[in-house]
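Sequential numbering from 2 applies to the sequence shown in my numbering.
C-beta: ideal position from N, C-alpha, C; glycine also.
As the structure is a computational prediction, the values presented were derived from the model and not from experiment.
For reference, the structure is listed below as structure tokens.
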Amino acid sequence: MEWLQQFHFLRPMWLLALLPALVVFVLLLQRQLSRGQWHKAVDAHLLPHLLDNTVQQQSRNGSWLVLIAWLLTTLALAGPSWQKLPAPVQKNQDALVILLDMSLSMAAQDIKPDRTTRAIQKITDIIRARQDGLTALISYSGEAHTVTPLTDDHDTIQNLLPSLSPFIMPKPGSRPDKAIALAQQLVNDSGINRAQLLLITDGIQNKDIQRIQNIFEPQRFQLSLLVIGTEEGAPIAVPNSGFLRDGSGNIVLPQLDLEPIRELSQQLSVPWQPLRFDDSDWQSLLHQQQYFDDQNALQHTQFDQWHDQGYWLIFLLLPAVLMLFRRGVLFASPATVILALLIIAPLFKPTNVLADEQNSPSFWQNLWRTPDQQGAELIASDPATAASRFNNPDWQGVAAYQAGDFQQSADAFANNQTATGRYNYGNALAQNGQYQEALAAYDEAFATRP
Numbered sequence: 002m003e004w005l006q007q008f009h010f011l012r013p014m015w016l017l018a019l020l021p022a023l024v025v026f027v028l029l030l031q032r033q034l035s036r037g038q039w040h041k042a043v044d045a046h047l048l049p050h051l052l053d054n055t056v057q058q059q060s061r062n063g064s065w066l067v068l069i070a071w072l073l074t075t076l077a078l079a080g081p082s083w084q085k086l087p088a089p090v091q092k093n094q095d096a097l098v099i100l101l102d103m104s105l106s107m108a109a110q111d112i113k114p115d116r117t118t119r120a121i122q123k124i125t126d127i128i129r130a131r132q133d134g135l136t137a138l139i140s141y142s143g144e145a146h147t148v149t150p151l152t153d154d155h156d157t158i159q160n161l162l163p164s165l166s167p168f169i170m171p172k173p174g175s176r177p178d179k180a181i182a183l184a185q186q187l188v189n190d191s192g193i194n195r196a197q198l199l200l201i202t203d204g205i206q207n208k209d210i211q212r213i214q215n216i217f218e219p220q221r222f223q224l225s226l227l228v229i230g231t232e233e234g235a236p237i238a239v240p241n242s243g244f245l246r247d248g249s250g251n252i253v254l255p256q257l258d259l260e261p262i263r264e265l266s267q268q269l270s271v272p273w274q275p276l277r278f279d280d281s282d283w284q285s286l287l288h289q290q291q292y293f294d295d296q297n298a299l300q301h302t303q304f305d306q307w308h309d310q311g312y313w314l315i316f317l318l319l320p321a322v323l324m325l326f327r328r329g330v331l332f333a334s335p336a337t338v339i340l341a342l343l344i345i346a347p348l349f350k351p352t353n354v355l356a357d358e359q360n361s362p363s364f365w366q367n368l369w370r371t372p373d374q375q376g377a378e379l380i381a382s383d384p385a386t387a388a389s390r391f392n393n394p395d396w397q398g399v400a401a402y403q404a405g406d407f408q409q410s411a412d413a414f415a416n417n418q419t420a421t422g423r424y425n426y427g428n429a430l431a432q433n434g435q436y437q438e439a440l441a442a443y444d445e446a447f448a449t450r451p
């Protein structure tokens with residue numbers, strides 16, 4: 002009896018279609034039972050000779066057939082289910098780690114408005130163009146720091162990009178080798194075999210070539226460089242302090258030296274491109290990195306889904322439908338025709354439905370879309386309205402976060418005790434200015450999934 006305990010309808014709202022069927026069927030029977038009224042006016046022994054019983058019987062049978070067809074159709078649309086089946090899912094594990102140079106020279110204004118701003122704009126373009134896959138962001142100067150680990154939450158990376166600045170880095174200098182080492186460690190910790198490393202910098206030094214060569218693992222990683230800056234250079238504007246000066250009091254004028262970059266490219270087969278206004282620079286670099294096959298780029302997993310068994314009712318529906326086409330059955334009465342039309346009416350979905358003035362879902366929207374489906378359609382264009390539609394608290398939190406309502410987002414994620422839920426909860430709290438609570442949420446996420 003296990004199947005009976007698990008039996009349920011995937012779309013139970015369709016069962017409401019049985020109510021008008023019963024009402025119309027009762028009215029139809031009352032109309033067809035008009036023979037009973039003739040008993041009051043005609044002798045019983047004359048009725049068989051005066052009334053055409055064959056037509057009445059066919060009409061009555063047609064009514065029952067329409068009711069049976071309506072019942073079977075409604076049950077099929079409701080989606081009876083009592084069994085779960087594993088559904089294979091493939092997730093793109095294409096990994097890209099972006100290494101952003103945040104040394105003081107990146108504040109030079111030879112490229113307007115400055116090198117850092119243009120680099121952040123370029124990273125934003127890359128993030129938005131990546132439809133799937135995992136992306137991480139590392140910033141470096143004298144030391145390397147993880148901004149975001151490998152994640153498919155590209156919105157979080159975009160939200161953090163504007164806060165980056167060369168003037169907040171704790172240690173001056175420029176050590177791209179440390180950034181590459183940290184990137185490789187991030188990928189190793191994530192359990193991914195191979196990844197692409199995109200280094201965005203305004204130059205390296207000759208001694209960096211040997212440092213990179215000592216730690217770089219070309220068998221598992223593909224490194225490419227996106228170079229920003231000009232050979233003429235420009236002063237570095239320090240906030241509230243004029244221009245950056247060296248120990249002798251001279252204004253520092255960082256210039257782009259391409260010779261070390263060309264040397265690194267030659268020794269380690271590292272492709273590089275200068276920063277351009279369009280996307281051809283990074284697209285050229287990343288398209289060259291057809292580095293691992295699809296089997297390594299896809300993570301295979303399975304999710305159990307309830308199996309819709311409603312299609313079996315089609316075989317029971319076919320005989321009833323065929324019998325409806327007998328002469329004198331389907332068109333025995335106008336009411337029978339109306340009843341048959343009502344059967345197929347729910348199969349046609351309205352294509353142009355308007356909500357009311359308060360932007361709340363209309364009757365037809367609720368009839369054809371669940372609240373979560375309505376929210377999914379709105380989240381890209383109107384996340385605030387989507388947050389009010391979703392029943393799923395995780396989706397509510399995502400929509401509210403995208404709409405900038407971080408308190409509502411935090412409330413939605415508050416009861417999600419998974420690692421992802423705690424991480425999202427921490428993000429919402431941090432955006433809402435509740436930093437200590439955010440740190441506690443992050444600690445819980447780390448404890449669940451180190």
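- Judged by DSSP secondary structure, Y312 falls outside any beta strand (DSSP E); it is assigned neither H nor E.
- Closest in alpha carbon position to L287, among I216, L198, K85 and S249, is L198.
- Between D203 and G230, the C-beta gap is smaller than 8 angstroms, which places the two residues in contact.
- Take N392, set aside five residues on each side of it, and the residues of its chain with a beta-carbon closer than 6 angstroms to its own are P372 and D373, in chain order.
- Between Q185 and E218, the gap from beta carbon to beta carbon is short of 8 angstroms.
- A check of alpha carbon separations from I99 across R212, L224 and R390 identifies L224 as the nearest.
- In the displayed model, D395 falls within a helix according to three-state DSSP.
- Restricting attention to alpha helix (DSSP H) runs no shorter than 4 residues, the stretch 66-136 encloses them at 116-130, ordered along the chain.
- DSSP places F447 outside any beta strand (DSSP E); the residue lies instead in the alpha helix (DSSP H), whose first and last residues are Y436 to T449.
- For I201, the secondary structure class from DSSP, reduced to helix, strand or coil, is strand.
- With 16 or more other Cβ atoms from the protein chains shown falling within 10 Å of its own Cβ, I193 counts as buried.
- Along the stretch 215-289, the beta strand (DSSP E) occurs as fully enclosed runs of 3 or more residues at 222-228 and 273-275, listed in sequence order.
- Apart from sequence neighbours up to five positions away, the residues of its chain that approach W283 with a beta-carbon distance below 8 angstroms are K123, D126, I127, L199, L227 and Q274, ordered along the chain.
- For T386, there is no enclosing beta strand (DSSP E); the enclosing alpha helix (DSSP H) covers residues P384 to R390.
- Within a 10 Å sphere around the beta-carbon of R195 sit 16 or more other beta-carbons, which makes this residue buried.
- Residues of the same chain with a CB within less than 6 angstroms of the CB of M107, apart from the 5 flanking positions on each side, are R116, T117, P167 and D203 in chain order.
- Per the DSSP secondary-structure output, T147 pairs in a beta bridge with I139.
- The beta carbon of L97 sits closer than 6 angstroms to those of T136 and Q197, all from its chain and outside the five residues before and after it, given in chain order.
- If you draw a straight line from the Cα of P240 to the Cα of G250, it comes to about 17 angstroms.
- Put simply, the stretch 4-13 touches the stretch 67-86. At least three CB pairs are less than 8 angstroms apart.
- By the Cβ neighbour-count rule, V188 is buried, with 16 or more other Cβ atoms within 10 Å of its own.
- Using a Cβ distance threshold of 8 angstroms, G234 and Q206 do not count as a contacting pair.
- Sixteen is the threshold: when 16 or more other Cβ atoms of the shown chains lie within 10 Å of the Cβ of R390, as they do, the residue is buried.
- A residue is called buried when at least 16 other Cβ atoms come within 10 angstroms of its Cβ; G422 meets this threshold and is buried.
- Spanning the alpha carbons of A400 and D95 requires a straight line of approximately 26 angstroms.
- Listed as beta-bridge partners of T152 by DSSP are T136.
- Inclusion of P384 and Q403 in the CB contact set at 8 angstroms is warranted, their separation being smaller than that value.
- The DSSP-derived three-state label of A404 is coil.
- Put simply, the backbone Cα of I112 is about 36 angstroms away from that of N425.
- Taking R277 as reference, the option from Q437, A120, P13 and E445 with the minimal CA-CA separation is A120.
- Here F316 is exposed: its Cβ has fewer than 16 other Cβ atoms, across all protein chains shown, within 10 Å.
- Residue state for F168 is assigned as helix, using DSSP reduced to three classes.
- Taken through DSSP and simplified to helix, strand or coil, F26 comes out as helix.
- Counting along the chain, R423 sits inside the alpha helix (DSSP H) bounded by residues A420 to Q432.
- In this structure Y312 is exposed. Its beta-carbon is surrounded by fewer than 16 other beta-carbon atoms within 10 angstroms.
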